[in-house]
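To start, the structure itself, in structure tokens.
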Amino acid sequence: MSVALAQGRPAGKTAGPSATSFVAAHRKELGTVGVTVPFFAYTTCFLLVPTIIVVVGAFTGADGGFTLANFARLAEPNTIASFGTSITVSIISAVIGSVVGALASYSLVIGAKPDGLLRRMVSAISSVLAQFGGVMLAFAFIATIGINGVGTMLLQQLFGVTVDPNWLSSLSGLIVIYSYFQIPLMIIVFLPAVDSIRTEWREATESLGGNTFQYWTRVACPILAPRFISAFLLLFANAFSAYATAAALFSQRAILVPLMIQGAMRNEMDPNQQGFAQVLAFAMVVVVAIVMLLSHIIEKRAGRWQ
Amino acid sequence: MAVNPETAHRTVGAANPPQLRAIRLRRQRIFKAIVLTLTLLFLFIPLASMLLFTVRHPLSGQWSLAPWQAIFTGNGESLGADLTVLWEGLGSSLLLCVVTVVIMLVLMVPTMVIVHIRSRRLERAIEWVATLPLTIPAIVLVVGLGPIYRWLSADVFSTDPVWLCFAYVVLVMPFAFRSIAVGLNSIDVKTLVEASRSLGASWPRVFFRVIIPNLWQSILSASFISIAVVLGEYTVASLLGRMNLQVALYQLGQSNSQVSTAMSLLALMFGVILLVALDLISTAMRTSKEGK
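So, in structure tokens, the structure goes:
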């Protein structure tokens with residue numbers, strides 16, 4: 008490539024220190040901004056405006072004026088209950104996902120080459136399954152342990168155990184289903200963190216007389232803790248904003264916040280529902296934003312370590 | 016690190032005997048085998064059940080390949096299922112994949128290249144905007160997109176599902192941004208551009224003949240991840256009342272769960288192929304970068 012010939016040139020501004028260079032530099036900057044206009048215009052239309060619509064809608068009353076009355080509906084027992092359920096499901100599935108995922112990532116790293124077949128296979132599968140939410144995931148669990156599921160029938164024929172057909176739409180069923188995409192997500196997110204642990208640290212601990220317990224409590228855990236917590240928060244946000252899986256499982260009951268939003272959107276013409284979807288959506292954004300901000304702060308502190 | 020200095024002094028230089036280390040290694044191997052087996056079992060049982068579910072009729076208990084035949088021949092009459100909704104959904108999802116990828120590339124690649132060369136501050140702004148959809152759940156975005164789409168479909172475009180592409184570009188943006196950013200950071204774009212400019216190449220020529228060929232791997236991986244996201248999208252399409260693959264799968268699942276489970280498995284397989292290809296590409300990228 009002819010480009011290679013010129014690679015020895017020092018990088019940097021090529022413009023000389025003449026009067027025209029100022030104009031040229033300005034034209035360059037204008038050109039840069041000009042190229043970015045379509046990107047910012049697009050994101051304004053389809054990201055910023057929808058967000059503004061949600062926020063404005065949350066503060067708009069039925070008469071079109073400013074109001075805080077919509078927020079009163081957040082205090083209704085129904086809404087509080089669905090926020091409670093959403094947060095419970097998200098926390099428990101994030102705990103299961105992060106603990107199991109962290110153990111699995113650690114198992115993938117110990118005693119294996121960094122580009123071993125097993126490890127590459129598991130991380131490729133994980134990146135597929137972490138995206139595997141929604142209708143297809145609901146089908147997978149209905150096929151496993153639904154009324155006519157393969158697992159349900161096997162359990163009945165082999166052990167005579169009857170699985171409650173409604174278990175899938177119970178809280179514990181939902182948690183298990185959510186764990187199905189949380190564990191793979193944790194594996195993808197946490198593998199690089201476990202990778203950063205060097206075997207030399209363990210050897211150093213040992214040659215200084217530390218035992219396994221001391222190694223874990225004094226060396227490995229303090230290093231991994233911030234990354235683990237920020238991964239946990241990511242998993243929480245992931246479960247909290249998940250809609251499609253639950254929507255495919257429960258057609259009627261609005262036990263989670265996203266399902267409540269769906270109901271409010273469907274009944275938008277009802278004057279009593281005015282602004283309710285927007286208030287719920289606004290509250291969701293606030294929760295996710297707080298979680299993401301926390302995760303960002305913790306990650307920054309962890310960055311100081313490296 | 017935080018090892019007690021007293022113990023450290025006492026045993027310094029006296030490493031654990033090799034037998035102890037061997038015991039530890041064996042324990043680690045057992046631990047590894049148990050954890051990985053349990054995790055992989057949990058992940059594989061539902062997939063295996065899906066496969067079994069499609070070949071064994073749940074009520075009569077008869078084994079047959081009828082759902083797969085129905086999908087591959089396109090004729091669901093033997094099962095009494097009407098597959099037109101499935102083909103309609105699949106068609107619009109595939110079209111959406113193409114349109115979304117094209118818009119995403121046209122919007123992101125030139126912008127990211129130019130700010131990467133010229134302005135660190137703008138680059139950070141674009142990173143912030145492009146990863147913002149991770150903080151705004153799709154269900155929230157739909158609430159805001161509803162009025163926009165009502166206006167778009169009434170006054171500008173039709174209610175055709177292909178217009179979902181505008182929302183989908185936003186959804187794939189964080190993933191696409193990361194893929195392209197990895198590529199941009201792995202090559203020295205600045206030197207490449209300055210060198211070709213000083214040799215007299217025009218901007219379009221630099222872009223299409225120098226930058227794109229050097230970025231093709233990340234462009235490909237950005238496209239793959241976008242396709243995977245678009246094929247699995249349900250939230251936006253169902254709440255805006257448009258048809259796509261997932262909406263069709265859900266509707267079909269109400270009448271014939273075997274066919275829709277079989278189709279889900281196929282879609283999943285396609286996703287596996289895409290993401291394994293992505294893994295191979297990123298490995299190739301790493302080795303080619305190290306080989307330089």
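So the protein sequences, as listed, match chains A and B.
Going left to right, the first sequence walks through residues 8 to 313 as our numbering numbers them.
Going left to right, the second sequence walks through residues 16 to 307 as our numbering numbers them.
From the three backbone atoms N, C-alpha and C, an ideal C-beta is built for every residue, glycine too.
From a predicted model like this one, the values you see are computed outputs, not experimental measurements.
Consult DSSP for residue i and reduce its assignment to one of helix, strand or coil.
i         : result
His24(B)  : Low per-residue confidence applies at His24(B): pLDDT is 44, beneath 50, and the placement is therefore not dependable enough to give any value.
Arg135(B) : helix
Phe46(A)  : helix
Thr67(A)  : strand
Phe257(A) : coil
Phe73(A)  : strand
Arg225(A) : helix
Arg71(B)  : strand
Gly15(A)  : Residue placement at Gly15(A) cannot be trusted, given a pLDDT of 39 that sits under 50; the coordinates are not used to answer.
Ignore the nearest five residues each way along the sequence and tell me which others in residue i's own chain have a CB closer than 7 Å to its CB.
i         : result
Arg308(A) : Pro233
Ser297(B) : Ser236
Ala137(A) : Phe188, Pro191, Leu192 and Ile195
Gln261(B) : Gly247, Glu248, Tyr249 and Ala252
Leu137(B) : Val130
Gln34(B)  : none
Ile202(B) : Asn229
Ser302(A) : Ser237, Leu240 and Leu241
My understanding is that residue i touches residue j, with C-beta atoms under 8 Å, so please give their C-beta distance in whole angstroms.
i         : j         : result
Val61(A)  : Gln285(A) : 5 Å
Met188(B) : Ala145(B) : 5 Å
Leu263(A) : Ala253(A) : 5 Å
Ser177(A) : Val50(B)  : Rounded, the Cβ-Cβ distance is 27 Å, inconsistent with contact.
Asn173(A) : Pro73(B)  : So it is not a contact: roughly 17 Å between Cβ atoms.
Asn77(A)  : Phe283(A) : 7 Å
Ile195(B) : Met123(B) : 6 Å
Val107(A) : Thr54(B)  : 6 Å
Ile141(B) : Phe289(A) : About 26 Å; that fails the 8 Å criterion.
Lys35(A)  : Arg133(B) : 7 Å
Ser112(A) : Ala261(A) : With 8 Å as the limit, Ser112(A) and Ala261(A) do not qualify as a contact, their Cβ atoms being about 36 Å apart.
Val204(B) : Ile226(B) : 7 Å
Quick check: residue i and residue j, are their CB atoms within less than 8 Å of each other?
i         : j         : result
Leu175(A) : Phe148(A) : yes
Ala131(A) : Val291(B) : yes
Val177(B) : Ile118(B) : no
Met272(A) : Gly161(B) : yes
Val42(A)  : Ile129(B) : yes
Ser100(A) : Tyr185(A) : yes
Gln266(B) : Ile117(A) : no
Ile154(B) : Tyr250(A) : yes
Pro199(A) : Leu156(B) : no
Val294(A) : Phe247(A) : yes
Cys112(B) : Val287(B) : no
Ser270(B) : Phe146(A) : no
Ala191(B) : Ser241(B) : yes
Met127(B) : Leu199(B) : yes
Leu37(A)  : Val96(A)  : no
Phe53(A)  : Phe181(B) : yes
Ile234(B) : Leu56(B)  : no
Thr206(A) : Tyr222(A) : no
Ala277(B) : Ile38(B)  : no
Asp152(B) : Met160(A) : Contrary to the premise, residue 152(B) reads as Pro rather than Asp in this sequence. No; because the gap between Cβ atoms is not below 8 Å, this pair is not in contact.
For residue i, collect the residues of the same chain with a Cβ closer than 6 Å to its Cβ; drop the 5 residues on either side in sequence, then sort them by chain order.
i         : result
Ala263(B) : Val100, Leu101 and Gly104
Ser133(A) : Pro191, Ile194 and Ile195
Gln273(B) : Thr69 and Pro82
Met300(B) : Gln232
Leu144(A) : Thr252
Phe239(B) : Leu289 and Leu293
Thr174(B) : Ser168
With a CB to CB cut of under 8 Å and the five nearest residues on each side skipped, what residues in its chain are close to residue i?
i         : result
Pro125(B) : Phe222
Phe73(A)  : Phe66 and Thr67
Phe235(A) : Ser105, Ala109, Phe197 and Ala200
Is there contact between the stretch 158 to 167 of chain A and the stretch 242 to 252 of chain A, where contact requires at least three CB pairs shorter than 8 Å? no
Could you say if the stretch 56 to 71 of chain B and the stretch 141 to 157 of chain A meet the contact criterion of at least three C-beta pairs nearer than 8 Å? yes
For the pair the stretch 139 to 154 of chain B and the stretch 211 to 231 of chain B, tell me if three or more CB-CB distances fall below 8 Å. no
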